[in-house]
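When the letters of the sequence shown are read in order and numbered with numbering that gives the first Met the number 0, they come out as residues 0 to 210.
Beta carbons: idealized from backbone N, C-alpha and C, even for Gly.
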Amino acid sequence: MTVEEHPYRDQIIRRASSSDICALVDICREAFPQHLRWQGMRSVARRWWEVAIMSSAAEAWIIQDKDEVVALFLLVSDEIQWSQEKAHRRGPFVLCLISAMCCFVLAGSKALRAMMDHINSHHAQRLTLRDPKPGTRTWIELIAVRTERRGQGFAKCLLRHIETRAKALGKKAICLRTHKCNQVACCLYETMGYQEASVNNGHVIYSKSIS
Numbered sequence: 000m001t002v003e004e005h006p007y008r009d010q011i012i013r014r015a016s017s018s019d020i021c022a023l024v025d026i027c028r029e030a031f032p033q034h035l036r037w038q039g040m041r042s043v044a045r046r047w048w049e050v051a052i053m054s055s056a057a058e059a060w061i062i063q064d065k066d067e068v069v070a071l072f073l074l075v076s077d078e079i080q081w082s083q084e085k086a087h088r089r090g091p092f093v094l095c096l097i098s099a100m101c102c103f104v105l106a107g108s109k110a111l112r113a114m115m116d117h118i119n120s121h122h123a124q125r126l127t128l129r130d131p132k133p134g135t136r137t138w139i140e141l142i143a144v145r146t147e148r149r150g151q152g153f154a155k156c157l158l159r160h161i162e163t164r165a166k167a168l169g170k171k172a173i174c175l176r177t178h179k180c181n182q183v184a185c186c187l188y189e190t191m192g193y194q195e196a197s198v199n200n201g202h203v204i205y206s207k208s209i210s
């Protein structure tokens, strides 16, 4: 297992393992309160991470502070394979449906907006991500920091490590998607050298060349 020292603190950056899944789910539930995948049944979210960690199409990394996972990212290196594995990550349809219904019971119209937003965001990705070509880029599927640990430089540390991994994978660019209204995230990405590639359905696609 690869372990690297955090450049400014005593924390370490390492590949995520199955023993981290509970923490990964917790962080995602905090970071994405309107996303059906994380706000439904925990078993559905756990399955998603179990499959993601085992996939050869992506890399899951965490920052660990002593015994606590404080931040994560998931970097997709093979978008075609990742897309083909989508159904496997979701699991049985009935279980996903029950999970979604839990969200409706708990959040009502908020969950409906989240579902439509999720559908539109993936539609936006298909419409706009044409350059750089999928085979030459990496895609940041997820990046998140525990709520109480934000503002401590962890996100910048993750983004720097993502660049290191993307170069090691022989890629020429890094792409990601975020909500246009998330000004904190947009400012962070722009500070780190990402450029706005397109805007669609309230989402911004950012790209950074690393060649």
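| Item | Value |
| --- | --- |
| Helix, strand or coil: which one does DSSP assign to A196? | strand |
| By the three-class DSSP mapping on this structure, what secondary structure does I61 have? | strand |
| Expressed to the nearest angstrom, what Euclidean distance is found between the alpha-carbon atoms of E58 and E140? | 10 Å |
| Take every Cβ of the stretch 69-81, pair it with every Cβ of the stretch 157-167, and state whether three or more of those distances are shorter than 8 Å. | yes |
| Relative to the C-alpha of S55, which residue among E147, W81 and D66 is closest? | W81 |
| With a CB to CB cut of under 8 Å and the five nearest residues on each side skipped, what residues in its chain are close to A184? | T177 and H178 |
| Taking 8 Å as the limit between beta carbons, can you name the residues of its chain near E84, skipping five residues before and five after? | V50, S54 and A56 |
| Is DSSP giving S42 helix, strand or coil here? | helix |
| With distances taken from CA atoms, which of E162, I12 and I142 is nearest C27? | I142 |
| If I measure Cβ to Cβ from K207 and keep anything under 6 Å in the same chain, skipping five residues before and after, which residues do I get? | I173, G192 and Y193 |
| Just verifying my parser: in three-state terms, what is the DSSP assignment at R14? | strand |
| Are the beta-carbon atoms belonging to A259 and T190 less than 8 Å from one another? | Residue 259 is absent from the structure shown; the chain starts at 0 and stops at 210. |
| Between the C-alpha atoms of I229 and V203, what's the straight-line distance to the nearest angstrom? | One cannot answer for residue 229 here, as it falls past the ends of the chain, which runs 0 to 210. |
| Quick one: residues in its chain with C-beta nearer than 6 Å to the C-beta of R145, no 5 flanking neighbours on either side, listed in chain order? | I26 and V69 |
| Figure out for me which residue from W48, G39 and E147 has the closest Cα to the Cα of I20. | W48 |
| Identify, in the order they occur along the chain, each residue of the same chain with its Cβ nearer than 7 Å to the Cβ of L126, setting aside the five sequence neighbours on each side. | Residue placement at L126 cannot be trusted, given a pLDDT of 39 that sits under 50; the coordinates are not used to answer. |
| Please list the terminal residues of the continuous beta strand (DSSP E) segment that includes E67. | E67 to V75 |
| If distances are taken between C-alpha atoms only, which option among F153, R14, A44 and I209 comes closest to T163? | I209 |
| If contacts are defined as beta-carbon pairs under 8 Å, then Q36 and A44 qualify, I think. What distance do you get, rounded to the angstrom? | What sits at residue 36 in the sequence shown is Arg, not Gln. The pair is a contact, with the Cβ atoms about 6 Å apart (cut-off 8 Å). |
| Could you give the DSSP three-state label for L175: helix, strand or coil? | strand |
| Given a cut-off of 8 Å, decide if A86 and I52 are closer than it, judged by their beta-carbon atoms. | no |
| Checking 8 Å against the spacing of the C-beta atoms, do Y205 and L168 come in under that value? | no |
| Tell me the rounded alpha-carbon separation between R13 and R148. | 18 Å |
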